[in-house]
Amino acid sequence: MWQHQLLPFASGALVASAVLLLVLASLRDFATRLVPNRIPLALGAIGLILALLHHRLLWSLAGGVAVFAFTFLCWRMRWIGGADVKLLSAAALLVPPVAVASLVLATALAGGVLAVVYLIVRALLAKPARHHPDPLHDSLIRRVLRAERWRIHRGCPLPYACAIACGTLLMLR
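In my numbering, the protein residues as written are 1 to 173.
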């Protein structure tokens with residue numbers, strides 16, 4: 001009896017942990033264009049525990065494998081990065097199996113919005129700023145924004161973990 005009372009609390013704590021990891025992945029991708037492997041691994045573990053708690057482990061695994069296969073093909077075509085493959089596959093384990101297709105669609109739409117924002121910002125930033133960095137007085141945020149301005153000016157890849165996080169947050173229940 002007491003196990004059924006703990007299920008909502010456990011699910012809520014796991015979802016909160018997943019949200020925190022998604023935000024962390026987004027911030028890290030924005031700042032460095034890298035997502036450490038431990039983040040998708042932790043998200044995948046959380047997703048598997050949630051699936052087990054809600055008696056949908058096999059269907060969740062099937063959805064995660066399908067997303068991995070699809071995103072792996074996208075990676076082979078050089079459309080997305082390897083971290084995006086791992087992060088979206090792990091995110092697919094977090095959502096109910098019936099929401100996996102919606103997760104991929106929501107992520108693609110969020111990625112489209114992200115791309116439009118970057119195109120607009122790139123048009124607004126005609127030239128990179130000529131700023132001589134002062135390591136003693138520059139904050140981390142200022143250095144990250146300066147690096148982002150440089151990336152935008154050169155047309156570098158987008159921080160797609162931000163789109164994956166937005167799509168996942170829309171689908172989490």
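Positions of the beta carbon are idealized from the N, C-alpha and C atoms, including for glycine.
Bear in mind the structure is a predicted one, so any value in this text is a computation, not a measurement.
query: Do V98 and V171 come within 8 Å of each other at the CB atom, strictly closer than that value?
result: Per the sequence shown, residue 171 should be read as Met rather than Val. Taking 8 Å as the Cβ cut-off, M171 and V98 do not qualify as a contacting pair.
message: Can you list, in chain order, the residues of its chain with a C-beta nearer than 8 Å to that of L34? Leave out the 5 residues immediately preceding and following it.
response: Within the same chain, Cβ atoms closer than 8 Å to the Cβ of L34 are found at R28, A83, the five residues on either side in sequence being excluded.
message: Residues in the same chain with beta-carbon distance under 7 Å from I80, minus the five sequence neighbours each way, listed in chain order, please.
response: T71, C74, Y160.
- prompt: If you pair each beta-carbon of the region 44–55 with each one of the region 10–21, do three or more pairs fall below 8 Å?
  reply: Output reads yes: the region 10–21 touches the region 44–55.
- request: Inspect the beta-carbon positions of V85 and A92 and report whether they are closer than 8 Å.
  value: Going by C-beta atoms, V85 is not nearer than 8 Å to A92.
task: Determine contact between the region 149–156 and the region 108–123, defined as no fewer than three beta-carbon pairs at a distance below 8 Å.
output: A contact between stretches requires three or more CB pairs, one per stretch, nearer than 8 Å, and the region 149–156 meets this requirement with the region 108–123.
Buried or exposed (CB count within 10 angstroms, at least 16 for buried), I141: Exposed, since its Cβ has fewer than 16 Cβ neighbours within 10 Å.
field: Nonlocal neighbours in the same chain, by C-beta distance under 7 Å from V104, ignoring five residues either side
entry: Closer than 7 Å at Cβ, skipping near neighbours: V67.
- prompt: Skipping 5 residues on each side, what residues in its chain have a beta carbon closer than 8 Å to that of R56?
  reply: For R56, same chain residues with a beta-carbon under 8 Å away, outside a window of 5 residues either side, are P96, P97 in chain order.
- prompt: Measuring CB to CB, does L88 end up less than 8 Å from I164?
  reply: Between L88 and I164, the C-beta spacing is below 8 Å.
Burial state of S139 (16 or more Cβ within 10 Å): When all chains shown are included, S139 counts as exposed.
field: L169 and L22 closer than 8 Å at C-beta
entry: A contact, by the Cβ cut-off of 8 Å.
message: Applying the 10 Å Cβ sphere with the 16-neighbour rule, what's the burial state of A106?
response: Counting other Cβ atoms within 10 Å of its Cβ, A106 reaches 16 or more and is therefore classed as buried.
message: Please return the same chain residues whose Cβ sits closer than 8 Å to the Cβ of T32, not counting the five positions on each side in sequence.
response: The answer is none, since no qualifying residue turns up.
message: Quick test of your reading: A18 and I39, contact by CB under 8 Å. State the CB separation rounded to the nearest angstrom.
response: Not really, about 10 Å apart at Cβ, beyond 8 Å.
message: Tell me the DSSP secondary structure of G47 in three-state form.
response: Looking at G47 - three-state DSSP - the assignment turns out to be helix.
- request: Work out the CA separation of R76 and C166 for me, nearest whole Å.
  value: Distance between the alpha carbons of C166 and R76 is about 24 Å.
message: Let me check you understand the geometry: is the CB of T32 closer than 7 Å to at least one non-hydrogen atom of the ligand SAM?
response: The model depicted lacks the ligand SAM and carries no ligand whatsoever.
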